[in-house]
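First comes the structure, then the notes that go with it.
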Amino acid sequence: GSSSPDYKALFLKAEEERKQAEERERQAGEERKRAEEERKRAEEERKRAEERERQAEERERQQRERNRPTTFPEFIRLCHDLLWRPLRAQTPSRSTTGKIPAPIGKHCPLRLRPWTDCEDKQRKIYESVCRYLQPTEGDARELFTSLV
1 GSSSPDYKAL FLKAEEERKQ AEERERQAGE ERKRAEEERK RAEEERKRAE
51 ERERQAEERE RQQRERNRPT TFPEFIRLCH DLLWRPLRAQ TPSRSTTGKI
101 PAPIGKHCPL RLRPWTDCED KQRKIYESVC RYLQPTEGDA RELFTSLV
């Protein structure tokens with residue numbers, strides 16, 4: 001007797017090795033998938049952290065900007081925005097109706113005269129103040145209250 005190879009045993013052994021290789025490949029694929037998901041999660045967290053940091057820096061910058069003293073032109077613009085812009089003429093239905101009582105016992109003008117050079121005088125005073133507070137173009141001093 002010559003001994004012939006046990007084909008069934010060889011087949012079963014090869015089949016088992018193939019299944020083990022498939023299992024290892026499946027596990028490796030799952031591990032790659034988990035690693036990729038973890039990498040994506042880490043990247044998303046890094047982006048969220050960067051965004052939080054950017055927002056915090058922006059809030060801090062805005063806070064510094066709001067709280068810093070202002071220059072004269074900034075102060076005038078701020079006063080204009082806060083005091084003049086909200087003023088609006090009301091509708092006639094919200095106006096005084098009927099007769100206005102005489103101002104008895106109160107100081108009031110008897111006549112009004114036009115102030116023809118008012119605009120020119122205001123402009124000269126404004127320009128004088130600007131020259132005093134900002135002698136050169138880039139030398140605006142922050143002497144006035146902050147924006148808040």
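Heads up: the sequence shown begins at 1 in full-length UniProt numbering, then just goes up one per residue.
Yeah, the Cβ is synthetic: ideal placement off N, Cα and C, and Gly gets one too.
> Is Ser146 closer than 8 Å to Pro69 when the C-beta atoms are compared?
Replying inline: Contact: yes.
> Roughly how many angstroms lie between the CA atoms of Arg66 and Val148, to the nearest whole one?
Replying inline: Arg66 and Val148 have their alpha carbons spaced roughly 6 Å apart.
>> Measuring only the C-alpha atoms, how far is Glu53 from Val129?
In response: Their Cα atoms are separated by approximately 42 Å.
>> Which residues does DSSP list as the beta-bridge partners of Thr70?
In response: For Thr70, which the question treats as bridged, DSSP gives the partners Phe144.
> When DSSP labels each residue in this structure, what does Asp6 get in the three-state scheme?
Replying inline: Coil, per DSSP.
>> Tell me the DSSP secondary structure of Arg123 in three-state form.
In response: DSSP places Arg123 in helix when its eight states are reduced to three.
>> According to DSSP, is Gly105 part of a helix, a strand, or is it coil?
In response: Reduced to three states, the DSSP call for Gly105 is coil.
> If you draw a straight line from the alpha carbon of His107 to that of Ile100, how long is it in whole angstroms?
Replying inline: Going by the C-alpha atoms only, they are around 15 Å apart.
>> Tell me the DSSP secondary structure of Trp84 in three-state form.
In response: Here Trp84 sits in helix by DSSP.
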